[in-house]
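Sequential numbering from 5 applies to the sequence shown in my numbering. Take a look at the structure set out below.
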Amino acid sequence: MRIQQLSDENWQVLARPVQAMGDHAWVGGRSPDAFGHEAARNQAEIRSQLRKALDLVQEKLRRPPLAG
5 MRIQQLSDEN WQVLARPVQA MGDHAWVGGR SPDAFGHEAA RNQAEIRSQL
55 RKALDLVQEK LRRPPLAG
């Protein structure tokens, strides 16, 4: 299923930046904590949306086809 493939490919999209920020790697502006927290929130949001998309597709696939 294509949606599952997209989910698998993108599940870890922010894992490295979040890990780096957790390890206190920072080469940018003045607010590394804000950037790290935003990256973690974005990662959680991406994963939540991927889960929702998969759940919706799986639910639709479980339903019997409409007669007509």
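Backbone N, C-alpha and C define an ideal beta-carbon position, used for all residues, glycine too.
Boundaries of the alpha helix (DSSP H) around residue 11: 6 to 14. The continuous alpha helix (DSSP H) containing residue 36 extends over residues 36 to 66. The C-alpha of residue 55 lies about 12 Å from the C-alpha of residue 14.
Excluding the 5 residues flanking it on each side, residue 58 has same chain C-beta neighbours closer than 8 Å at 7, 8 and 11, in chain order.
Going by DSSP, residue 22 is part of the alpha helix (DSSP H) stretching over 19 to 26.
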